[in-house]
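Novice: Below is the structure I would like to discuss, written out as structure tokens.
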Amino acid sequence: MTDLLIMLYPWTKALHIVSVISWMAGLFYLPRLFVHHVEQAEKVEGLPPVFEMMEFKLLKVIMNPASIATWIFGLMLVFTPGIVDWGFVWPWTKGAAVIAMTGFHHWLGKRRKDFAAGTNTLTGRQYRMMNEVPTVLMLIIVFSVVLRF
7 MTDLLIMLYP WTKALHIVSV ISWMAGLFYL PRLFVHHVEQ AEKVEGLPPV
57 FEMMEFKLLK VIMNPASIAT WIFGLMLVFT PGIVDWGFVW PWTKGAAVIA
107 MTGFHHWLGK RRKDFAAGTN TLTGRQYRMM NEVPTVLMLI IVFSVVLRF
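Here the sequence shown is numbered in the numbering used here, starting from 7 and rising by one per residue.
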């Protein structure tokens, strides 16, 4: 099995990067959709269902599959011999940030359900602030992997 992981390493790494980019795009965009949903949707008749459809499709069609692929290819990289040295801090900081990113993803999913149920209580300003969460986590992940401290 380890020989197969070593042989697949370049493909696994490339697919992991593509998956991460797709996931991050959704994590950046969904909170912005929520901002506009809160601030603009009620101003135009018939617009709330359009926002709900866009939010649903972004989460279910792009973000969920991309997050699953990110985790699968990431775990394949973790189990590829010689890639991760657990004696350093970086795999632990990256792992913690990825878990936090996954938690944020699920939090966004719950907020989407709130919009669909008509029970959203957060403001556009609060969604703008939450939009910074994936940026901070991305910085932790990238610096951990690149600098390998």
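Using N, Cα and C, we set each Cβ at its ideal position, and we do this for glycine too.
DSSP three-state label for VAL41, please.
Specialist: The residue you call residue 41 lines up with position 35 of the sequence shown. In the structure shown, VAL41 sits in a helix (DSSP, three-state: H, G or I).
Novice: Rounded to the nearest angstrom, what separates LEU153 and ALA122 at their Cα positions?
Specialist: Taking the sequence shown and counting its residues from 1, the one referred to as residue 153 is at position 147. Taking the sequence shown and counting its residues from 1, the one referred to as residue 122 is at position 116. So the alpha carbons of these two residues sit roughly 42 Å apart.
Novice: Nearest CA to the CA of LEU102: which residue from ASP9, MET7 and VAL151?
Specialist: Mapped onto the sequence shown, residue 102 falls at position 96. One point to set straight first is that residue 102 is Ala, not Leu, in the sequence displayed. That would be VAL151, whose Cα lies nearest to the Cα of ALA102.
Novice: Can you tell me which of the three DSSP states GLY130 falls into?
Specialist: In the sequence shown, the residue the question calls residue 130 occupies position 124. In this structure, GLY130 counts as helix in the three-state DSSP scheme.
Novice: In chain order, what are the residue ranges of uninterrupted alpha helix (DSSP H) at least 4 long that sit wholly in the stretch 15 to 95?
Specialist: Runs of the alpha helix (DSSP H) inside the stretch 15 to 95: 53 to 63 and 70 to 85.
Novice: For the candidate residues TRP96, ILE78, TRP92 and THR125, whose alpha-carbon lies nearest to that of PRO54?
Specialist: Residue mapping note: residue 54 aligns to position 48 of the sequence shown, counting from 1. For PRO54, the nearest C-alpha among the options comes from THR125.
Novice: Quick one: give me the first and last residue of the alpha helix (DSSP H) that PHE149 is part of.
Specialist: Residue numbering aside, residue 149 sits at position 143 when the sequence shown is read from its first letter. Looking at the DSSP string, the run of the alpha helix (DSSP H) that includes PHE149 is 139 to 153.
Novice: What is the C-beta distance between ILE12 and PRO87, in whole angstroms, given that I count them as a contact (C-beta under 8 Å)?
Specialist: Indexing the sequence shown from 1 puts residue 12 at position 6. Indexing the sequence shown from 1 puts residue 87 at position 81. The Cβ separation is near 6 Å, so the contact holds.
Novice: What number of angstroms, rounded off, separates the C-alpha of GLY109 from the C-alpha of VAL139?
Specialist: Taking the sequence shown and counting its residues from 1, one reaches residue 109 at position 103. Taking the sequence shown and counting its residues from 1, one reaches residue 139 at position 133. Approximately 11 Å, taken between the alpha carbons.
Novice: Could you pull out every residue in the same chain whose Cβ sits closer than 7 Å to the Cβ of TYR133, ignoring the five residues on either side in sequence?
Specialist: For the purposes of this step, residue 133 is taken as the residue at position 127 of the sequence shown. Here the set comprises PRO37, PHE40, VAL41 and VAL44.
Novice: Quick one, which of PHE79, ARG118 and THR129 has its alpha-carbon nearest MET59's?
Specialist: Working through the sequence shown from its first residue, we reach residue 59 at position 53. Among PHE79, ARG118 and THR129, the Cα nearest to that of MET59 belongs to ARG118.
Novice: Taking the alpha-carbon positions, what's the ILE146 to MET107 distance?
Specialist: For the purposes of this step, residue 146 is taken as residue 140 along the sequence shown, with counting starting at 1. For the purposes of this step, residue 107 is taken as residue 101 along the sequence shown, with counting starting at 1. Roughly 11 Å between the two C-alpha positions.
Novice: For THR8, which three-state DSSP category applies?
Specialist: In the sequence shown, residue 8 corresponds to position 2, counting from 1. Note: THR8 maps to helix in three-state DSSP.
Novice: So the candidates are PHE34, ILE27, PHE94 and PHE155; which of them puts its Cα closest to the Cα of ALA72?
Specialist: By one-based count along the sequence shown, residue 72 stands at place 66. If we check each option's Cα against that of ALA72, ILE27 comes out closest.
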